[in-house]
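Before any comments, here is the structure.
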Amino acid sequence: MGTNVCSLLHEFIYGSKETSENILCNPDLFMITSNVGDSLKLAHKIFGNPGGPNFHGAALLKNTTLCVIRPHAVSDGLTGKIWSSITEKGFSVTAASLHRLSKADSADFLEVYKGVVQEYPEMLDHLSSGPCIALEIDIPDPNVNVHQAFREFAGPTDPVRIGGEFQEAYKLGS
Numbered sequence: 001m002g003t004n005v006c007s008l009l010h011e012f013i014y015g016s017k018e019t020s021e022n023i024l025c026n027p028d029l030f031m032i033t034s035n036v037g038d039s040l041k042l043a044h045k046i047f048g049n050p051g052g053p054n055f056h057g058a059a060l061l062k063n064t065t066l067c068v069i070r071p072h073a074v075s076d077g078l079t080g081k082i083w084s085s086i087t088e089k090g091f092s093v094t095a096a097s098l099h100r101l102s103k104a105d106s107a108d109f110l111e112v113y114k115g116v117v118q119e120y121p122e123m124l125d126h127l128s129s130g131p132c133i134a135l136e137i138d139i140p141d142p143n144v145n146v147h148q149a150f151r152e153f154a155g156p157t158d159p160v161r162i163g164g165e166f167q168e169a170y171k172l173g174s
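Under UniProt numbering, the residue at position 101 of the sequence shown is numbered 101, and the numbers go up by one with no gaps.
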C-alpha cells in the first residue's frame, strides 16, 4: 500500500547501506535460535503456556465442543475474561484459533438458524464483521457429556432465551 515498500521493509530489517545496522542483531527486538527445540524452550520461557496446562494448540476433536467468541467481544478485549470464566468452571480450552469469516462462511456456520431465528440476518452480519475466536472446549471427567455441560454453563444461543451461567456473557460475546 505504498511506493517501494519491499525496499523500505528490507532497509528496516537489514539496515541501510550507509549504517549497515542489522535490526535482526538487536537482542532487544529479536531472540533468534538455531533450532526448533531451542525455539520452543525460549517461547515457553517467555510466554509460558498461555492456554493453561491442558492447552494443546491443535484440536483434539474427541469429546469436545465448540465455543465461538464473537467479533464484538474480540474487539472489546473480552477474550481473556471469557476464557477465564470458562476455565474457572472446570472446563479446559484444548485448542484455539483466530478466524475472519466471510459472509459465505458465516452463512454456512449459521445455517441451522436460517428461517428459525428472527435475528438471523443480524447474526450473519455480526459474525462476518470482524475476527472471532474458535475455542475447543473439553472437560476432564470422561463421564460428563461436555456438550450438555457447556450448554448448561453458557445457556442457549437464542438471545431471547439466554440463561445459564452466561446470562451476562452473551453480551460479552461467547
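Glycine included, every Cβ here is placed at the ideal spot set by N, Cα and C.
For residue 100, the enclosing beta strand (DSSP E) starts and ends at 92 to 100. According to DSSP, residue pairing for residue 65 in a beta bridge involves 137. The Cβ atoms of residue 153 and residue 127 do not sit closer than 8 Å to each other. In the DSSP assignment, residue 120 falls within the alpha helix (DSSP H) that extends over 120 to 127. When 104, 64 and 142 are compared, the shortest CA-CA separation from residue 134 is found for 64. In the three-state DSSP reduction, residue 142 falls in the coil class, being neither helix nor strand. Here the region 74 to 81 does not lie against the region 114 to 127, with fewer than 3 beta-carbon pairs under 8 Å apart. Excluding five sequence positions before and after residue 132, the CB atoms of its chain that fall closer than 7 Å to its own CB belong to 68, 69, 70, 71, 74, 99 and 101, given in chain order. Apart from the 5 residues on each side of it in sequence, residue 91 sits with its Cβ closer than 8 Å to the Cβ of 137, 138, 139, 146, 149, 150 and 153 in its chain, given in chain order. Membership of residue 80 in the alpha helix (DSSP H) is indicated by the continuous run 79 to 88. For residue 103, the enclosing alpha helix (DSSP H) has its first and last residue at 103 to 109. With 16 or more other Cβ atoms from the protein chains shown falling within 10 Å of its own Cβ, residue 85 counts as buried. Taking a 10 Å sphere around the C-beta of residue 112, we find fewer than 16 other C-beta atoms and assign the residue as exposed. Boundaries of the alpha helix (DSSP H) around residue 74: 71 to 75.
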